[in-house]
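At position 32 of the sequence shown the residue is numbered 477 (the working numbering), and the sequence of numbers has no breaks. Just so you know, even glycine gets a beta-carbon here, dropped at the ideal spot from N, CA and C. Since we're looking at a predicted model, the values are computed, not measured.
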Amino acid sequence: MNINSIEIYRSPADGSKLTIDINKQVSNKVIDGNFKSRTGHIFKIKNGIPDFTWPKELAEIDRKTKDLYDKLADDYDIYVNVLYETYRCDQVSLRSKITKKLQLKPSDKVLDIGCGSGDSSKFIAECLDSKGELFVQDLSPRFLEKAITKLQKYSIISRIISIWSCFFKTIFSIQRVCRF
Ligand SMILES: C[S@@+](CC[C@H](N)C(=O)[O-])C[C@H]1O[C@@H](n2cnc3c(N)ncnc32)[C@H](O)[C@@H]1O
């Protein structure tokens, strides 16, 4: 998580600003620490990923989904490839075609919800320049780690913020919601 991004987060408990205690930082990246809300809630930052899960106790359906996807994360890319191949569909060209339909401008701010291992996020990253921002979010921290690894090579990485359950100040006036 980029240290310059701290300001954008708000407490999912009450929407208030957060303070941060940093335990580990490498150059401009916060690797380990805690966000604290005005009302005393603590949101951990682990492996550079802030966990804004709220309520802390997930609903059963979300907990089951998270557990399932956490288990799938390591092999997901292999199996998803097999799925595309089964339907004789080229994954790269399909994802590229879908991303083009978004008609993104280089300065757009994009939130990829349920980004998974980042296979679509990387096409989005390619559409943005240094004024644009890409935020990736997923219920599964294992998937987020995969996505971040894939997105490292894009220069926009300094603007990629990984979150679990998103709470921003009003940087997003939502103009469009697109479902992949
Ligand atoms: C089928 S994968 C798709 C991943 C990616 N968007 C892609 O196109 O490859 C679905 C993803 O949604 C995530 N997900 C499921 N429920 C979610 C929720 N309530 N909030 C955020 N992410 C969720 C899963 O963890 C998983 O990574």
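Scanning R587, I451, L547 and S565 for the CA closest to the CA of D520 turns up R587. Note that the C-beta distance between T498 and K481 is not below 9 Å.
Of the residues I467, K474 and A458, the one whose Cα lies closest to the Cα of N449 is K474.
As the crow flies, the alpha-carbon of L573 is around 7 Å from that of D553.
In this structure S562 is in contact with K591, their Cβ atoms being roughly 4 Å apart against a cut-off of 8 Å. Here L549 has C572 as same chain residues with Cβ atoms under 6 Å from its own Cβ, once five neighbours each way along the sequence are excluded.
Distance check between I490 and each of L589, K598, G460 and A504 places L589 closest, using alpha-carbon atoms only.
For Q548, no alpha helix (DSSP H) segment is defined, and its DSSP state is neither H nor E. Nearest Cα to N492 within the set G559, I476 and G485: I476. The C-alpha of G485 lies about 11 Å from the C-alpha of S461.
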